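Working notes, structure below.
Number of protein chains: 2
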Amino acid sequence: MKWKLDLDSKIPIYLQVVDYIERRIMYGELPPGSFLPSERKLAEQLQVNRSTITTAYNELRAMGIVESTTGKGTRVSTQMWGVSPKFAPNWSGFVEGGTFLPNLPLLRYIREEVQQNENIIDFANGELGCDLFPHQQLQAILHQQPLTQSLSYDHPQGYLPLRKNVAKYMKEHLQIDATEQSIMITSGAQQALHLIVQCLLNPGDAVAFESPSHCYSLPLFQSAGIRIFPLPVDEHGIHPDDVHELYRKHRIKMIFLNPNYQNPTGTLLHPKRRETLLSLCADLRIPIVEDDPSSLLTLENKKQTCSTLKSIDTNGTVIYVHSLSKLIAPGLRIGWLVAPQSVIERLSDARHQMELGLSIFPQWIMQQFFETVPFETHLQQLRSKLLQKRNVLVDALQYSLQEELSFPMPTGGIYIWGKLTQPIQEKQLTIQGLKQQVAFMPGSIFGAKDGYIRLSYGKVDINDITEGISRLQKAINFCYE
Amino acid sequence: MKWKLDLDSKIPIYLQVVDYIERRIMYGELPPGSFLPSERKLAEQLQVNRSTITTAYNELRAMGIVESTTGKGTRVSTQMWGVSPKFAPNWSGFVEGGTFLPNLPLLRYIREEVQQNENIIDFANGELGCDLFPHQQLQAILHQQPLTQSLSYDHPQGYLPLRKNVAKYMKEHLQIDATEQSIMITSGAQQALHLIVQCLLNPGDAVAFESPSHCYSLPLFQSAGIRIFPLPVDEHGIHPDDVHELYRKHRIKMIFLNPNYQNPTGTLLHPKRRETLLSLCADLRIPIVEDDPSSLLTLENKKQTCSTLKSIDTNGTVIYVHSLSKLIAPGLRIGWLVAPQSVIERLSDARHQMELGLSIFPQWIMQQFFETVPFETHLQQLRSKLLQKRNVLVDALQYSLQEELSFPMPTGGIYIWGKLTQPIQEKQLTIQGLKQQVAFMPGSIFGAKDGYIRLSYGKVDINDITEGISRLQKAINFCYE
C-alpha cells in the first residue's frame, strides 16, 4: 500500500487509515474475504506507531467492515453492505487459474524486502546502478532532438530506423552480420525469450540450458509446459558432450545459452568448446538461443571483447538475443533478437496479438542515442566504473571472507559466484542477510546445489560495498554458530 | 524487403539486388529452401523495372544460389556452399509450432496492401489520423520537462506517478473510483486483454462476447484454447437474457464487452440493459471485462459522456480496460486495467515474466501530459475534428450509396457499420475495393453474417473521404454486375 498520510491534516491519522481502507473496499479493490496487511507491516510501511494501526483496525471491526481471526489476520467482512460476497465473482478462483506460473516465492521475498527497506545494501539486483545510466545524454536527446516520427502503431518488428542502427551496432561491436529484416526489437531480452518459448516450442518439448542458469529463476519455461534439462557449467562453461548426451536421451529441441560472462557464474565459454558446440548443433540441427546481455562488459583486456557464438555461426544455427538493460538502462526496455526471416515474422505476428507492438518512444530515443552519442566512449566509461566496483568488492571479500568464500575472478560482466567453503543452509543465510540489511542471491534460485551465492556489483553504491560485505560476514558467522 | 537501392552508385542496379540477396542468405536470414519475393512484387517494392529483377534472379540462379520451379517461385538453393540445409535447423517446423495462432489471413492481406500502396484511401484502419495526435504538446513535453525519474526497472504495475494521474483522470472523466493500487498500466488495451485471458482463464473455459465484435479478429482467445459464444448485438447492444441462456447452457465464466460505441457496430448499450446485466452477472458471479477505448469520443450531446459499466458497478463485477490509443496516439502504447488487488498482482507478476515491465519513457511522457496539458480542451478539439469527418463520410454515403448501403448514425466513436442492401460476396468486394484503391473491413472479420462492412473515419484524411466513397461505389457496382 503506497499511499501517503496527510500529517498536517486535522483528521487523526487512524481515521485517515480507516477512510483509506473503507474506500478501497467500496471501490471493489479489496473484495469480501481478502486480507488486509498485518498491523505490523502496515505500521512499518506508513511509518506510524503500530498502536495507530491497531486503533484503525479496531474502528473498522466496530463498523463491521472487517473481521479478525486469531492467527489468520484481518480480512474484509464477508457480510457487508453493498459489496456482498454472494455477488462478487470468486476472484481467488480466477487468480489461481491461467497458464502462467507465479514467480519463485524466495525471489519475490528478497525483492519485496529490498524494495521496502532502503537501508539494505543490495548485491542481489542484477541491474546497473543509476549512476551508470547515461542520464545526461538521454536528457539531452529529449531536449534537443525534434520528434519527427509518426505516432501510429509501429512496424511489427520494431522501428525501422532503430533496426538499421542496430544492424550497424552489431557489425561494429559484436562482429555480427544482419540486415534490418532479420532483427526484431523487443521489450528487453526477456520478451525475446518469452516469444521464442511461446511460439517455437510446444508443451512437452525438451530443451537444455546451463546449470546453474538464471533461466531457472524464470517460470516461463515451466509455464509453457517445456521439459528442461541441465548442462553443467565448469570454469570454461558447458561441455558439448553433454549436449550430445541430452540429445540422445531426450531429443532436446533447443538450447538456451549465455556464453559470455554467464549469469550467475561469470564464466566465458571456451573458444574451442564454442566451435565444437556449433558444429555439433549443426549436425543435430538443434538451434541455439544465445542470450547475450553482457559480452560488451569486458573488464580486462579492454581491446579484446569476447566473441559471440552468432559471429562465428556459419550454418544459421543461432538465434541471437541482445539487451541494452546492462549497457544503457533497464527502464528503457530495449533489446532485440536476430533470426531467420520466417522466425522473425512469426514472433512479430505473435507480439502483435499480445500488445500491438512496442511503444515508439523508447525506440526513438535509442535510435537518437545511436546517432548522437559515441557508443565506444560510453562503453569505456561504463567498463571503467564497473571495474572499480569489481575491484572494491574483490578486495572486501578477500579481506573479510577469505576463509568462508571462494570465487573465480570475473573478467567481465557484473557477477561474482561465491562458493561457501563450509556447508550452510542457504535459505537461512538469505534471511539472516536481510536481517543484517544485506541482500544477495542464493544459488538455489539458479538451480545450483547448496552452498553458492551470487553477488552483483552492478547496482550497489561503490561506497557501500565494504560495509555490505562486513554485514554478509556477520550473517555467515551467525549461521555457522 | 525494405532496403534501398543506391541509384547514384556505379554498381548496376541488378548487381546491387544480387549482392543484397546473397548477403541475406549468407547471414542465415534466408535459410536454404526459403522463398524469395516474386519478381513482380520485388520490382514493385524497389520501384524498378521487372526486367532488372529478372536479370538479378538469373544471375543468382547462374551462381547456383537460388533455384526456380515453374509455378512455385524462386527459392534459396538447398545445395549450397556454407549454408547447407543438412545443417540449418528445420525452421519451418519450429515456426509452425507454438501455442500462438497466426492472425487472420484476410486481415493480414488488407494490412499489407494498405501498407504497400499509399494511394489507397483507408477506411479499414481503426486508429486516428496523424493530424489528430497531440504532436506539438508531446514535443513540448520532451523539450521542456526535466527527466527526473529513475531509469531502473519500473514497478510491476507501472509507473506510480502515472497511476495516480490515471486515478484522477478516471474520477474526472469516467466517474470511476479507484486507487493507484488497483490500476495496472498496460501496453494498450490489447495487452490487458491478453493478460486476462492468459492468467485468469484456463483452456476449455467458456466466455461470451458481442457478435459482431472486434474480439473475433483477435486470435488470442483461440490461441489460449478458450471456447467463445456470441451475444448478438441489436441497436441497443447485447441482451441480458442471452447472457443468462449462455450461462445455463455453457457455464460461461467471463464476458467481454465493449458497451460504448461498440467496435464494429458503433452501438451504445442501453442504460436499462446495463443495470439488468450488472445485476444478473452479480447473481451469477460472472465477471465482466469492460473494454472501453472510446466512451470519451462522444460526438453529440457534448456535455453528456456516456457512462461506463464500471462507474455503476456496486458489486465489484467489472474489470475495466481503457486505452489512450484513440485519445492520444497508438504509438504511445498506454492503456490500463482496473481490477481487485489480487487480480492486479497476478497480472503484474505474469507481465513481469513476459517482459520485466513496461518502458518508463512512454509512461513518463503520459504523466507529464496529464500534468501539463488541459485534457478537456484536448478532448474537445479531438471530438470536433472527428465530428467533421463523420459528417463528411455520412454525406458522401448518402450521396453515393443511398440505395446500396444502410447504416445507423453513430453518436460517438469512429465507426460506421454499413449493411449492404443486396447480397454480395464480401471477400470479392474487399479485393475489388483494394483494386479501386479503397480499403474497409469486411464484416466477416468481426464474426458478422454476410453483407456488412465497417468504415472508420478515424485515420482517413477528411479531403479524401468523398473520393474514397466514390471508389467504394465503383467496387460495389462491379460486384453487382
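Protein chains in written order, with the working numbering: chain A, -1 to 479; chain B, -1 to 479. Using N, Cα and C, we set each Cβ at its ideal position, and we do this for glycine too. The structure presented is a predicted model; accordingly, all values stated were derived computationally and were not measured.
### Message
Which residues of the segment 109 to 135 of chain B have a Cβ closer than 7 Å to any Cβ of chain A? Give them in chain order.
### Response
So the list reads Glu125, Cys128, Phe131, His133, given in the order they occur along the chain.
### Burial state of threonine 296 (chain B) (16 or more Cβ within 10 Å)
Threonine 296 (chain B) should be labelled buried.
### Message
With a threshold of 8 Å between beta carbons, is tryptophan 415 (chain A) in contact with chain B?
### Response
Residue-level contact by beta carbon fails for tryptophan 415 (chain A) and chain B, as no gap is shorter than 8 Å.
### Message
Taking the beta strand (DSSP E) that arginine 283 (chain B) belongs to, which residues open and close that run?
### Response
Per DSSP, arginine 283 (chain B) lies in no beta strand (DSSP E) and is assigned neither H nor E.
### Message
Please report the straight-line C-alpha distance between methionine 252 (chain A) and phenylalanine 359 (chain A), rounded to a whole angstrom.
### Response
The straight-line gap from Cα to Cα measures roughly 34 Å.
#### Entry: Coil, strand or helix - isoleucine 224 (chain A) by DSSP
Coil, per DSSP.
#### Entry: C-beta atoms of glutamine 400 (chain B) and cysteine 477 (chain B) nearer than 8 Å
Result no, Cβ atoms of glutamine 400 (chain B) and cysteine 477 (chain B) do not sit closer than 8 Å.
### Query
Between the segment 386 to 395 of chain A and the segment 169 to 176 of chain B, do three or more beta carbon pairs fall short of 8 Å?
The segment 386 to 395 of chain A, when compared against the segment 169 to 176 of chain B, does not touch it at the 8 Å Cβ threshold.
### Message
I need the straight-line Cα distance from isoleucine 463 (chain A) to isoleucine 119 (chain A), nearest angstrom please.
### Response
C-alpha separation (whole angstroms): 8 Å.
### Which residues DSSP lists as bridging aspartate 311 (chain A), in chain order
For aspartate 311 (chain A), which the question treats as bridged, DSSP gives no partner whatsoever.
### Task
For tyrosine 55 (chain B), return the contacting residues in chain A, with the cut-off set at a CB-CB distance below 9 Å.
Those within 9 Å of tyrosine 55 (chain B) in chain A number zero; the least Cβ separation is about 18 Å.
### Task
Could you tell me whether the Cβ of glycine 71 (chain A) comes closer than 8 Å to any Cβ of chain B?
For glycine 71 (chain A), not one C-beta of chain B is nearer than 8 Å to its own C-beta.
### Query
Taking the Cβ atom as the reference point for each residue, do isoleucine 414 (chain A) and glycine 456 (chain A) lie within a distance shorter than 8 Å?
Isoleucine 414 (chain A) places its beta carbon 8 Å or farther from that of glycine 456 (chain A).
### Query
For the putative contact between serine 75 (chain B) and glycine 91 (chain B), defined by C-beta atoms under 8 Å, what is the C-beta separation to the nearest angstrom?
That pair is no contact at about 20 Å.
### Message
Would isoleucine 443 (chain B) and leucine 104 (chain B) qualify as a contact pair, given that the criterion is a beta-carbon distance under 8 Å?
### Response
Yes, they are a contact pair.
### Message
For the pair the segment 369 to 377 of chain B and the segment 208 to 218 of chain B, tell me if three or more CB-CB distances fall below 8 Å.
### Response
Taking one beta carbon from each stretch, the segment 369 to 377 of chain B and the segment 208 to 218 of chain B have fewer than 3 pairs nearer than 8 Å; the two do not touch.
### Query
So which of B:Gln143, B:Leu193, B:Gln45 has the shortest CA-CA distance to isoleucine 317 (chain B)?
When B:Gln143, B:Leu193, B:Gln45 are compared, the shortest CA-CA separation from isoleucine 317 (chain B) is found for B:Leu193.
### Task
Go ahead and pull the three-state DSSP assignment for leucine 297 (chain A).
If DSSP states are grouped into helix, strand and coil, leucine 297 (chain A) belongs with coil.
### Query
Checking contacts by CB at 8 Å: is serine 36 (chain A) closer than that to chain B?
Chain B contact via Cβ: absent.
### Task
Count the C-beta pairs between the segment 337 to 353 of chain A and the segment 191 to 207 of chain A that are closer than 8 Å, then say yes if the count reaches three, no if not.
Judged by Cβ distances under 8 Å, the segment 337 to 353 of chain A makes contact with the segment 191 to 207 of chain A, as three or more pairs qualify.
### Query
Going by the CB atoms, is the gap between threonine 263 (chain A) and valine 231 (chain A) shorter than 8 Å?
The answer is yes: Cβ separation under 8 Å.
### Task
Can you have a look at arginine 22 (chain A) and say buried or exposed, based on whether 16 or more other CB atoms are within 10 angstroms of its CB?
So arginine 22 (chain A) counts as buried.
### Query
Is leucine 28 (chain B) buried or exposed, if buried means 16 or more other CB atoms sit within 10 Å of its CB?
By the neighbour-count definition (other C-beta atoms within 10 Å, threshold 16), leucine 28 (chain B) is a buried residue.
### Task
Note the first and the last residue of the continuous alpha helix (DSSP H) segment covering threonine 53 (chain A).
Looking at the DSSP string, the run of the alpha helix (DSSP H) that includes threonine 53 (chain A) is 48 to 60.
### Task
Leaving aside the five residues before and after serine 82 (chain B) along the sequence, list all residues of the same chain whose C-beta is less than 6 Å from its C-beta, in chain order.
Low confidence applies here, because serine 82 (chain B) scores a pLDDT of 48, under 50, leaving its location unreliable and the question unanswered by this model.
### Task
My understanding is that threonine 53 (chain B) touches tyrosine 12 (chain B), with C-beta atoms under 8 Å, so please give their C-beta distance in whole angstroms.
Contact flag correct, Cβ pair sits at about 4 Å.
### Query
Which residue comes first and which comes last in the alpha helix (DSSP H) that contains valine 390 (chain B)?
Taken as a continuous stretch (DSSP letters only), the alpha helix (DSSP H) holding valine 390 (chain B) covers 373 to 398.
### Message
Using C-beta distances below 6 Å, list every residue in its chain close to asparagine 313 (chain A), excluding the 5 sequence neighbours before and after it, in chain order.
### Response
So the list reads Ala280, once near-sequence residues are dropped.
### Query
Which chain A residues are close to leucine 216 (chain B), counting only those with a beta carbon under 9 Å from its beta carbon?
In chain order: Gln351.
### Query
Quick one: what does DSSP say proline 230 (chain B) is sitting in, helix, strand or coil?
Looking at proline 230 (chain B) - three-state DSSP - the assignment turns out to be strand.
### Task
Could you tell me whether the segment 319 to 337 of chain A touches the segment 143 to 159 of chain B, where touching means 3 or more Cβ pairs closer than 8 Å?
Proximity of the segment 319 to 337 of chain A to the segment 143 to 159 of chain B meets the contact definition, three or more beta-carbon pairs being nearer than 8 Å.
### Task
Ignore the nearest five residues each way along the sequence and tell me which others in isoleucine 236 (chain B)'s own chain have a CB closer than 6 Å to its CB.
Hits under 6 Å: Glu208, Leu229.
### Task
Give me the Cα-Cα distance between methionine 364 (chain A) and glutamine 339 (chain A), rounded to the nearest whole angstrom.
Answer to the nearest angstrom: the Cα atoms are 23 Å apart.
### Query
For tyrosine 25 (chain A) versus alanine 176 (chain B), is the C-beta spacing smaller than 8 Å?
Yes, the Cβ-Cβ distance between tyrosine 25 (chain A) and alanine 176 (chain B) is below 8 Å.
### Query
In chain A, what lies closer than 7 Å to histidine 376 (chain B) by C-beta?
For the C-beta of histidine 376 (chain B), not a single chain A residue is nearer than 7 Å; the gap to the nearest is close to 14 Å.
### Query
Taking the beta strand (DSSP E) that serine 427 (chain B) falls in, what are its first and last residues?
First, the residue type needs correcting, since residue 427 (chain B) is leucine and not serine in the sequence shown. Looking at the DSSP string, leucine 427 (chain B) is not in any beta strand (DSSP E); the run it does join, the alpha helix (DSSP H), is 424 to 433.
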